Amino acid sequence: MPPLPEKKPANAPSPKTASKTSRTPKVGYEPVRYNQLPGWQSDDHLAALKTFMRSCERVTFAVRVGAKSGKSSPPPGLLSACEDAAALMAGKATKKNAREFFETHFTPHRVTHSGPDGLLTGYYEPLVKGARKPSTSFTAPLLRRPRDLVNIVPESERGAKAHKLTHALQTDAGLKPYPTRQQIEQGALAGQKLELLYLKDELDVYFMQIQGSGRIALPDGSMVRVTYDGKNGYPYTSIGRYLIDKGLFPANRMSLQALKAWLRTNPERMRQVLWQNRSYVFFRELKGEQAQSAMGVLEIPLTPRRSLAVDTRYHAIGMPVYVDAPEITHITKDKRPFQRLMIAQDVGSAIRGPERGDIFCGSGDKAGRCAGITKHHGTFYVLVPRERMRGKSIKAHDKDQPKKFIQARQ
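The working numbering applies: residue 113 is where the sequence shown begins, and numbers increase by one.
Here it is, written out as structure tokens:
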């Protein structure tokens, strides 16, 4: 992604163009012991450690960049934990010493809050057919980021600021709201040569935008991977919720697959329904080593069923979060309750709240079916780094650590 401004410009568009600010729930962190985490002993901590390591390089890079711009550092102890994790992985890492690593470097805290119960959903990387040039089979363009699109907030914070404008149009007179989805699809950006690839129709484009990444199978048999590269800045609006509120679809039958089917069978209404969501996402093509996997925020490679999209008002990118969601049994291979250590590696416009998470389910149709039926309650335990003090051992159960964690996010 292009360099991002760290502070909101003085002449940013008025928030009147965005939705009203939602109330922030009161959040607390209750210290617990590892033996109080349901299913902790039976989890695969080596898989979690490998996922954690994929964050460390990008988080360290972000800290170096942030230090130059005055941004605050991650919670105390996270970087030293990354250093020790690298040393462990350089040797003979096992499930046992991986578990001991997390128990040594982090203390678990139950997330408590005054908001709704925790909610977990799923997202995935779609696989669709497409082409580099338009044809009768591929008519809907996937657009690259326009040059006049600027960030009002850093990309890593866009989920936390999703109720406000996050991006804007750069003009000689200052920043203005960017064209909406409807305006873009009606030609507001025509002539800028932004067409990256072409997909079957607007519906394929829309759902790739919702997921934030995708793979496109080209006519010559090659495969292209694309990822999020900015948006027009408007808050996300759920078209599924819109259909339910309008009495056009029953709430108890709503899922990703059901929503797609309704739109396919109602082509005369499809465009008007899609336009209810003013948010529009732009993409870039991944190449080389980056093209080997889907990317989260800070260009962190995502790991299926271990990477978690979070609200960065409460959880720093790179932090371990233990999730207890016993109602989720379709994600685990053995149909056991979903109780595992995940790593915060992504954000999303709809992911708002201290116990709101989006599980990355993987790539392709099978992952899509898994993500489409994931909407369950869950309990979050954030693993707060123990602060490493010079000349002293790592602290155990420091009651001020959650406070330091929150302050580091502000």
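A virtual CB, placed ideally from N, CA and C, is assigned to each residue, including glycine. All of these numbers come straight from a predicted model, not from anything done at the bench.
- Under the DSSP definition of a beta bridge, residue 337 partners with 327, 398.
- Comparing alpha-carbon positions, the option among 166, 197, 208 lying closest to residue 154 turns out to be 208.
- When C-beta atoms of the segment 481-500 are compared with those of the segment 435-445, three or more pairs fall below 8 Å, so the two segments count as touching.
- Its chain contains 242, 243, 244, 245, 246, 247, 250, 251, 252, 253, 254 as the residues whose beta carbon lies nearer than 8 Å to that of residue 310, once the 5 sequence neighbours on both sides are disregarded; these appear in chain order.
- The continuous alpha helix (DSSP H) containing residue 212 extends over residues 207-217.
- Residue 455 is positioned such that its CB atom lies no closer than 8 Å to that of residue 232.
- Close CB contacts of residue 238 within its chain, under the 7 Å cut and outside five residues either way in sequence, are with 319, 320, 323, 326, 480 (chain order).
- Membership of residue 471 in the beta strand (DSSP E) is indicated by the continuous run 468-475.
- Excluding five sequence positions before and after residue 268, the CB atoms of its chain that fall closer than 7 Å to its own CB belong to 409, 410, 424, 429, 459, given in chain order.
- The three-state secondary structure of residue 378, taken from DSSP, is coil.
- The three-state reading of DSSP puts residue 388 in coil, since its state is none of H, G, I, E or B.
- Under DSSP, the beta-bridge partners assigned to residue 455 are 419, 432.
- Comparing alpha-carbon positions, the option among 476, 368, 165, 360 lying closest to residue 419 turns out to be 165.
- Look at the beta carbons and you see the segment 214-232 not touching the segment 291-307: under three pairs across the two are nearer than 8 Å.
- With respect to the 8 Å criterion, residue 461 and residue 289 are not classified as neighbours on the basis of their beta carbons.
- Here residue 343 carries a strand assignment [DSSP, helix/strand/coil].
- Residue 257 and residue 191 have their C-alpha atoms some 32 Å from each other.
- Cβ contact annotation for residue 278 (same chain, cutoff 6 Å, sequence separation greater than five): 264, 265, 270, 345, in chain order.
- Per DSSP, reduced to three states, the secondary structure at residue 361 is coil, with no helix or strand assignment.
- In this structure residue 145 is exposed. Its beta-carbon is surrounded by fewer than 16 other beta-carbon atoms within 10 angstroms.
- Contact check for residue 160 against residue 453 passes: the beta carbons are separated by less than 8 Å.
- Selection 340, 371, 417 evaluated against residue 354 yields 371 as nearest (Cα-Cα).
- Taken through DSSP and simplified to helix, strand or coil, residue 288 comes out as strand.
- Residue 140 has its alpha-carbon roughly 30 Å from the corresponding atom of residue 413.
- Going by DSSP, residue 297 is part of no beta strand (DSSP E) but of the alpha helix (DSSP H) stretching over 293-297.
- Beta-carbon to beta-carbon, residue 339 and residue 391 are separated by about 17 Å, too far to satisfy the 8 Å threshold.
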